[in-house]
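Engineer: Per this note's numbering, the sequence shown starts with residue 1, numbered consecutively.
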Amino acid sequence: MRVKVTMACTECKQRNYTSMKNKKNTTERLEMNKYCKFCKKHTAHKETK
Numbered sequence: 001m002r003v004k005v006t007m008a009c010t011e012c013k014q015r016n017y018t019s020m021k022n023k024k025n026t027t028e029r030l031e032m033n034k035y036c037k038f039c040k041k042h043t044a045h046k047e048t049k
């Protein structure tokens with residue numbers, strides 16, 4: 001049930017990271033603080049389609 005999801009920066013909207021999540025356990029969208037190489041700082045990254 002694990003699926004690959006793409007993470008996008010909330011400030012510049014660039015898609016930087018991919019991650020895996022279990023759809024049964026985590027039904028809402030993921031949000032993590034990660035480093036954005038375009039913004040050159042740590043920003044919140046949210047799961048995109």
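For glycine and all other residues, C-beta sits at the position ideal for the given N, C-alpha and C. Note that the structure is predicted; figures quoted are calculated from it, not measured.
(1) Can you name the residues that DSSP bridges to residue 6?
(2) Using the three-state DSSP reduction, which class does residue 36 fall into: helix, strand or coil?
(3) Buried or exposed: which applies to residue 1, given that a residue is buried once 16 or more other Cβ atoms fall within 10 Å of its Cβ?
(4) In this structure, what does DSSP give as the bridge partners for residue 43?
(5) With 16 other CB atoms within 10 Å as the buried threshold, where does residue 32 fall?
Structural biologist: Reading it off the structure:
(1) 18 and 48
(2) strand
(3) exposed
(4) 34
(5) exposed
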